[in-house]
Ligand code: ADE
């Protein structure tokens, strides 16, 4: 995945990208990120980026000129790019969008908005897609860009160090995660379920599938409606219903 991030706060973005899996992914050339400071594209000695909204109202609006200048600068290598604006008005980000970003061959430009918003002409002329990471309002788009990059990069083969980790997790089944345990076998009187120590892979798979179904039915019944249940799932669900 290759991206350009346009932000007023490069340090916020850099702090996250320079640690852990995203750091390793960059070292391994699975992820390439260039961070641009929007202020570098502001005009005049005072580098003013925002102004009062026409028509009045609270807050400030990011002016069009610095964003047009920055995007022109970023695009000057002539490579095709997908320009994403992070905002609460966008399409809500999902795991299937993360999968799509993880396979993206074009460079992706993330515009991180701040203040009350950006001049509409940026949307009209420069932005290909607007994405929101959820129905709440953040102080800026930086966390949104990082959420997209983080969730996409961990799906790139090799990024997690263990090829199987991402597609064996139960979220890729469309369900919430099953419970995980590690040593010790007994902790403060709580024992690890025997089946996980049995070495019987078929039984372990069934237990995990059942517990993932149980958790999803309880916490996110909306997700159950979206997945295609196999016959075994229907059997496991009727067992769960019998137990509750
Ligand atoms: N900027 C402010 N709120 C946001 C949200 N919910 N998603 C993405 N970018 C944002």
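Residue numbers (our numbering): 2 to 245. For glycine and all other residues, C-beta sits at the position ideal for the given N, C-alpha and C.
Check: residue i C-beta below 6 Å from any heavy atom of ligand 1
i: residue 59; result: no
i: residue 133; result: yes
i: residue 88; result: yes
i: residue 84; result: no
i: residue 128; result: no
i: residue 142; result: yes
i: residue 109; result: no
i: residue 14; result: no
i: residue 162; result: no
i: residue 138; result: yes
i: residue 243; result: no
i: residue 145; result: yes
Integer Cβ distance of residue i from residue j, believed to fall under 8 Å
i: residue 109; j: residue 134; result: Contact doesn't hold; Cβ gap of about 15 Å is too wide.
i: residue 111; j: residue 6; result: 5 Å
i: residue 241; j: residue 175; result: With 8 Å as the limit, residue 241 and residue 175 do not qualify as a contact, their Cβ atoms being about 17 Å apart.
i: residue 247; j: residue 211; result: Residue 247 is absent from the model: the chain starts at 2 and stops at 245.
i: residue 66; j: residue 44; result: 6 Å
i: residue 154; j: residue 13; result: At roughly 18 Å, the Cβ-Cβ gap does not stay under 8 Å, so residue 154 and residue 13 are not in contact.
i: residue 179; j: residue 209; result: 4 Å
i: residue 2; j: residue 105; result: 6 Å
Closest residue to residue i among the options (Cα-Cα distance)
i: residue 80; options: 211, 107, 68; result: 107
i: residue 118; options: 227, 62, 196, 224; result: 62
i: residue 37; options: 73, 8, 218, 217; result: 8
i: residue 113; options: 150, 24, 142, 76; result: 142
i: residue 214; options: 190, 4, 239; result: 239
i: residue 17; options: 151, 170, 173; result: 151
i: residue 68; options: 194, 125, 180, 4; result: 125
i: residue 159; options: 181, 178, 233, 28; result: 28
i: residue 149; options: 128, 100, 10, 191; result: 100
i: residue 225; options: 172, 132, 243; result: 172
i: residue 122; options: 161, 64, 104, 177; result: 64
i: residue 4; options: 19, 54, 244, 102; result: 102
i: residue 221; options: 42, 70, 24, 177; result: 177
i: residue 140; options: 189, 15, 116; result: 116
i: residue 157; options: 20, 11, 26; result: 26
i: residue 75; options: 46, 54, 98, 41; result: 41
i: residue 98; options: 120, 192, 146; result: 146
Sheet register partners of residue i (DSSP bridge)
i: residue 110; result: 5, 84
i: residue 33; result: 3
i: residue 191; result: 188
i: residue 38; result: 8
i: residue 118; result: 62
i: residue 92; result: 132
i: residue 286; result: The structure shown does not extend to residue 286, since the chain is modelled only from 2 to 245, so the question has no answer here.
i: residue 51; result: 63
Any non-hydrogen atom of ligand 3 closer than 6 Å to residue i Cβ
i: residue 190; result: Ligands present in the displayed structure are limited to ligand 1, and ligand 3 is not among them.
Below 8 Å, can you find three or more Cβ-Cβ pairs linking the region 26-38 to the region 90-100?
no
Under 8 Å, with one C-beta from each stretch per pair, do the region 91-107 and the region 43-50 reach the 3-pair mark?
A contact between stretches requires three or more CB pairs, one per stretch, nearer than 8 Å, and the region 91-107 fails this requirement with the region 43-50.
When the Cβ atoms of the region 64-82 are set against those of the region 135-150, are three or more pairs found closer than 8 Å?
no
Taking 8 Å as the cut-off, does the region 193-205 touch the region 57-73 (at least 3 CB pairs, one atom from each stretch)?
No, they do not touch.
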